[in-house]
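**Q** In our numbering, the protein residues as written are 608 to 1101.
First the structure, which I've put down as structure tokens, then a few questions once you've had a look.
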């Protein structure tokens, strides 16, 4: 994610002066242990003005090359930032020492951002239970209908593919989470969920991080330069509470009337009784509520990355389509039963996740030592997943979209790093992979994706907590009239 926006630098520099005493307390007095290497720090402000504001994943990798280390240290106003640029470093710290590195910035309304502790363990356990493969089998028809609706929308207005992808993600996730059939335009549940996502993105900005790590800043008035986070935070709670409570109440009412559709929320609410604890009630709201916030934008970004890759690599597209044709034929569209028979399409999915992943954040609970370097308690840990999955020592020609690499015994079986590490490994990863695969195989079976007359688009992703694809144009058109007919025939599912 982008640590510093340019507009925040001046007010944060003012905060830097006020934070100077804190800096003196935070720097270690034990000289025998040094921080990991990193760019030169300025007095008081540290690396405030050297942190990248765009394509930070490239800068992080370049720092690794410059300083000859897989682990880099920077600080911003005394907030220590540790950047992990290799799979080994991430595995050693985030997997093997997971309890130390499982904390997060405190946004207790979403499971993924709960601080490490009993509440987090309870909610994560409930998430796992409800996302077991056996539990998810019941929702395959929901997922397939969402794919088919996407294909119909692409057939009718292909230029609007970003909007159609977002609608598909909202439909599949909210139908599984709450049994909600999402409107094509202006759905209030989608709007509420997007407001929560906006709050999370704001809560991950640098000033929010400073308020978490330099606690006396919490007492600064909200009008103070750099304290925009406090002003916005006051708006969060009612927005978040509404986004969790409204669909919960809807499903609870439908259960009472006997009209509730199958959903994760219905399963969890129906199990609540007089013996249920506050954590059980919180889980019934937070587990389905987390689904959209955690899954919608990442699903959309993965599919936009796929469409971009197919525009730039037509040979890959043709090879995947040939495999689909050989297995499925031209009399039906592919479905989940074809998954094991389509290894090249599986490789395309893996390559999409590797080519440009979303970078997660973590936070240490206590100090640690790694390869002779001191990692202070409270450090922000940034696993540079992009750097890991573009390591030329593991992935030859890492900038090339090349699904064939996944058939090599020298390459890991799956880019699991795209889903996090250790105790923070995404519990919904199987559902997410399956959903993205279903859309990829459906699009490949029905459409061809080609550049416009302006030529191939630029491969560009935007900086942020979620690294969205820079908007681009392409043509998405049916492979044949027979393919278009198959897509139209799915209207019978309505």
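A virtual CB, placed ideally from N, CA and C, is assigned to each residue, including glycine.
Does the beta-carbon of residue 649 have 16 or more other beta-carbons within 10 angstroms, so that it is buried, or is it exposed?
**A** Start at 1 with the first residue of the chain shown, and residue 649 comes out as number 42. Exposed, since its Cβ has fewer than 16 Cβ neighbours within 10 Å.
**Q** Considering only DSSP beta bridges, list what residue 653 is partnered with.
**A** Position 46 of the chain shown holds residue 653. BP columns for residue 653 point to 649, 683.
**Q** Do residue 1094 and residue 762 count as a contact pair if the criterion is CB distance below 7 Å?
**A** Residue mapping note: residue 762 aligns to position 155 of the chain shown, counting from 1. Residue mapping note: residue 1094 aligns to position 487 of the chain shown, counting from 1. Contact: yes.
**Q** Ordered along the chain, which non-local residues of its own chain (more than five positions away) have a Cβ less than 7 Å from that of residue 914?
**A** For the purposes of this step, residue 914 is taken as the residue at position 307 of the chain shown. Here the set comprises 768, 1056, 1081.
**Q** Contact defined as beta carbons within less than 8 Å: I believe residue 706 pairs with residue 678. What is the distance between those atoms, to the nearest angstrom?
**A** Start at 1 with the first residue of the chain shown, and residue 706 comes out as number 99. Start at 1 with the first residue of the chain shown, and residue 678 comes out as number 71. Going by Cβ atoms, the distance from residue 706 to residue 678 rounds to 19 Å, so no, they are not a contact pair.
**Q** May I have the straight-line CA-CA distance separating residue 850 from residue 796, to the nearest angstrom?
**A** Your numbering for residue 850 matches position 243 in the chain shown. Your numbering for residue 796 matches position 189 in the chain shown. Rounded to the nearest angstrom, the two C-alpha atoms are 7 Å apart.
**Q** If contact is defined by three or more beta carbon pairs under 8 Å, each pair taking one atom from either stretch, is the stretch 661-678 in contact with the stretch 1004-1016?
**A** Flag = no, the stretch 1004-1016 and the stretch 661-678 do not touch.
**Q** Grab me the residues of residue 628's own chain with a C-beta within less than 7 Å of its C-beta, minus the 5 sequence neighbours each way, in chain order.
**A** Taking the first residue of the chain shown as position 1, residue 628 is located at position 21. Only weak support exists for where residue 628 lies, its pLDDT of 42 falling under 50; the value from the coordinates is given anyway. Cβ within range, chain order: n/a, list empty.
**Q** Buried or exposed for residue 640, please, with buried defined as at least 16 other CB atoms from any protein chain shown within 10 angstroms of its CB.
**A** As a working note, residue 640 is residue 33 in the chain shown. Answer is exposed; the Cβ neighbour count stays below 16.
**Q** Determine which residues share a DSSP beta bridge with residue 905 and list them.
**A** Stepping through the chain shown from its first residue, residue 905 is reached at position 298. DSSP lists no partner for residue 905.
**Q** With three or more C-beta pairs closer than 8 Å as the rule, is the stretch 881-891 touching the stretch 899-908?
**A** The stretch 899-908 vs the stretch 881-891: no contact.
**Q** Cα-Cα, which of 1017, 687, 662, 1024 is closest to residue 987?
**A** Start at 1 with the first residue of the chain shown, and residue 987 comes out as number 380. Checked all of 1017, 687, 662, 1024; the closest Cα to residue 987 is 687.
**Q** Which of the three DSSP states is assigned to residue 789 in this structure?
**A** Position 182 of the chain shown, counting from 1, holds the residue named residue 789. Correct three-state label for residue 789: coil.
**Q** On the CB-based measure, 16 or more other CB atoms within 10 Å of its CB, does residue 739 come out buried or exposed?
**A** Sequence index remark: in the chain shown, residue 739 carries index 132 (1-based). By the 10 Å Cβ count, residue 739 comes out exposed.
**Q** Do residue 1063 and residue 949 have their CB atoms nearer than 7 Å?
**A** Taking the chain shown and counting its residues from 1, the one referred to as residue 1063 is at position 456. Taking the chain shown and counting its residues from 1, the one referred to as residue 949 is at position 342. Going by C-beta atoms, residue 1063 is not nearer than 7 Å to residue 949.
**Q** By a C-beta neighbour count over all protein chains shown, 10 Å radius and 16 as the cutoff for buried, is residue 1017 buried or exposed?
**A** Sequence index remark: in the chain shown, residue 1017 carries index 410 (1-based). Exposed: under 16 other Cβ atoms inside 10 Å.
**Q** Determine the closest residue to residue 1087 out of 1054, 1059, 1061, 1096, with distance taken between C-alpha atoms.
**A** Residue numbering aside, residue 1087 sits at position 480 when the chain shown is read from its first letter. The candidate whose alpha carbon is nearest that of residue 1087 is 1054.
**Q** Leaving out five residues on either side along the sequence, give the residues of the same chain with a beta carbon under 6 Å from the beta carbon of residue 962.
**A** Here the question's residue 962 lines up with position 355 in the chain shown. The answer, listed in chain order, is 1008.
**Q** Relative to the alpha-carbon of residue 959, which residue among 912, 923, 975, 997 has its alpha-carbon at the smallest distance?
**A** Start at 1 with the first residue of the chain shown, and residue 959 comes out as number 352. When each option's Cα is compared against that of residue 959, the closest is 912.
**Q** Using a 10 Å radius around the Cβ and a threshold of 16 neighbouring Cβ atoms, would you call residue 1074 buried or exposed?
**A** Residue 1074 sits at position 467 when you count from the first residue of the chain shown. It counts as buried.
**Q** Following the continuous beta strand (DSSP E) through residue 1054, name the residue where it begins and the one where it ends.
**A** In the chain shown, residue 1054 corresponds to position 447, counting from 1. It spans 1054-1057 - the beta strand (DSSP E) in which residue 1054 sits, taken as one unbroken run.
**Q** Can you list, in chain order, the residues of its chain whose CB lies under 8 Å from that of residue 941, leaving out five sequence neighbours each side?
**A** To locate residue 941, count along the chain shown from 1; it is residue 334. Taken in chain order, the residues that qualify are 931, 934, 935, 949, 1048, 1049, 1052.
**Q** For residue 1038, which of 746, 659, 663 has the nearest alpha-carbon?
**A** As a position in the chain shown, residue 1038 is number 431, starting the count at 1. Selected option, being the one with the closest Cα: 746.
**Q** For residue 744 and residue 751, I'd like the C-alpha separation in whole angstroms.
**A** As a working mapping, residue 744 is identified with position 137 in the chain shown. As a working mapping, residue 751 is identified with position 144 in the chain shown. Each residue's alpha carbon lies about 12 Å from the other.
**Q** If you reduce the DSSP assignment to three classes, tell me which class residue 731 lands in.
**A** Here residue 731 refers to the residue found at position 124 when the chain shown is read from its first residue. Residue state, collapsed to three classes: helix.
**Q** Excluding five sequence neighbours on each side, which residues of the same chain lie with their C-beta closer than 7 Å to the C-beta of residue 1043?
**A** Sequence index remark: in the chain shown, residue 1043 carries index 436 (1-based). Only 906, 909, 910, 956 meet the Cβ criterion.
**Q** What's the C-alpha gap between residue 788 and residue 1079?
**A** As a position in the chain shown, residue 788 is number 181, starting the count at 1. As a position in the chain shown, residue 1079 is number 472, starting the count at 1. Going by the C-alpha atoms only, they are around 29 Å apart.
**Q** Rounding to the nearest angstrom, what Cα-Cα distance links residue 978 and residue 992 in this structure?
**A** The residue labelled residue 978 in the question sits at position 371 within the chain shown. The residue labelled residue 992 in the question sits at position 385 within the chain shown. Cα to Cα, residue 978 sits roughly 20 Å from residue 992.
**Q** Report the three-state DSSP secondary structure of residue 951 (helix, strand or coil).
**A** Taking the first residue of the chain shown as position 1, residue 951 is located at position 344. Correct three-state label for residue 951: helix.
**Q** When the Cα of residue 1006 is compared with those of 990, 916, 1076, which residue comes out closest?
**A** Mapped onto the chain shown, residue 1006 falls at position 399. Residue 1006 has its Cα closest to that of 916, out of 990, 916, 1076.
**Q** Nearest to residue 1028 by alpha carbon, out of 876, 782, 764, 995?
**A** Position 421 of the chain shown, counted from the start, is the residue given in the question as residue 1028. It is 995.
**Q** In terms of residues, what are the limits of the beta strand (DSSP E) holding residue 980?
**A** Counting from one through the chain shown, the residue named residue 980 turns up at place 373. Note, residue 980: beta strand (DSSP E), 980-982.
**Q** Buried or exposed for residue 877, please, with buried defined as at least 16 other CB atoms from any protein chain shown within 10 angstroms of its CB.
**A** Stepping through the chain shown from its first residue, residue 877 is reached at position 270. Under this definition residue 877 is an exposed residue.
**Q** Is the distance from the Cβ of residue 781 to the Cβ of residue 893 below 7 Å?
**A** As a working mapping, residue 781 is identified with position 174 in the chain shown. As a working mapping, residue 893 is identified with position 286 in the chain shown. No, Cβ-Cβ distance for residue 781 and residue 893 is not below 7 Å.
**Q** Considering only C-alpha positions, which residue in the set 998, 989, 1097 is nearest to residue 691?
**A** Position 84 of the chain shown holds residue 691. Looking at the Cα atoms, 989 is the closest of the given residues.
**Q** Just the C-alpha distance for residue 685 and residue 671, rounded to the nearest angstrom, thanks.
**A** Position 78 of the chain shown holds residue 685. Position 64 of the chain shown holds residue 671. C-alpha separation (whole angstroms): 21 Å.
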